[in-house]
Amino acid sequence: MSASAESIEMAKVAALAADDKLATDVVVLDVSEQLVITDCFVIASAPNERQVNAIVDNVEEKLREAGHKPVRREGTREGRWALLDYVDIVVHIQHNDERNFYALERLWRDCPAVPVDGIETPATPAADDDAQVEGTTE
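All the letters of the sequence shown, read from the start, carry residue numbers 2 to 139 under the numbering used here.
Structure below.
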């Protein structure tokens with residue numbers, strides 16, 4: 002089973018809203034094959050707390066305009082890793098340091114990326130690391 006059309010549309014709205022506020026490495030992952038609790042993750046990052054919060058505000062505003070309200074929001078006060086849970090999608094806005102440390106793309110590397118028109122899908126560091134590991138000899 003793959004993500005529903007509505008979930009993918011919500012994720013695209015969130016991704017474009019993040020991109021509008023200059024989020025970096027914006028990616029949408031279809032996690033529906035791996036998780037039963039949500040269909041998509043939207044992951045984006047920013048270099049400072051103020052920008053993380055600006056991205057969060059814009060994502061919430063654009064999704065509210067589209068008729069969606071988060072059922073849960075966490076981490077918005079600290080501005081290091083904000084999580085917006087819309088049930089069908091979960092939006093992660095992370096400070097660059099947290100993004101590099103927790104490497105969500107690596108954890109969910111088996112999940113396909115969902116293309117979003119207007120956003121270039123970043124090269125995943127996890128794929129680069131795997132290539133390096135596979136090329137090594139023991």
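For every residue, glycine included, the Cβ atom is placed at its ideal position computed from N, Cα and C.
A quick note: this is a predicted structure, and the numbers were derived from the prediction, not measured.
Start and end residues, beta strand (DSSP E) containing residue i
i, result
"alanine 83", "82–86"
Own chain residues within Cβ distance below 8 Å of residue i, not counting five before or after
i, result
"glutamate 62", "Ala18"
"methionine 11", "Cys41, Leu64, Ala67, His69, Tyr87, Asp89, Ile90"
For residue i, the three-state DSSP class (helix, strand or coil)
i, result
"isoleucine 9", "helix"
"valine 117", "strand"
"glutamate 66", "helix"
"aspartate 21", "helix"
"arginine 78", "coil"
"valine 60", "helix"
"alanine 15", "helix"
"valine 37", "coil"
"alanine 55", "helix"
Neighbourhood of residue i by C-beta distance below 7 Å, restricted to the same chain and skipping five residues each side
i, result
"serine 33", "Met2, Ser3, Ala4, Asp40"
Beta-carbon contacts of residue i that lie in its chain and below 6 Å, excluding the five residues immediately before and after
i, result
"phenylalanine 42", "Leu30, Val32, Val91"
"isoleucine 44", "Val28, His93, Leu105"
First through last residue of the alpha helix (DSSP H) which encompasses residue i
i, result
"arginine 110", "Here arginine 110 belongs to no alpha helix (DSSP H), and DSSP marks it neither H nor E."
"asparagine 97", "97–103"
Assess contact between the segment 21–40 and the segment 66–78, defined as three or more Cβ pairs (one per stretch) separated by less than 8 Å. Is contact present? Taking one beta carbon from each stretch, the segment 21–40 and the segment 66–78 have fewer than 3 pairs nearer than 8 Å; the two do not touch.
contact_flag[the segment 50–57, the segment 79–87] where n(CB pairs < 8 Å) is 3 or more: At 8 Å Cβ cutoff, the stretches touch.
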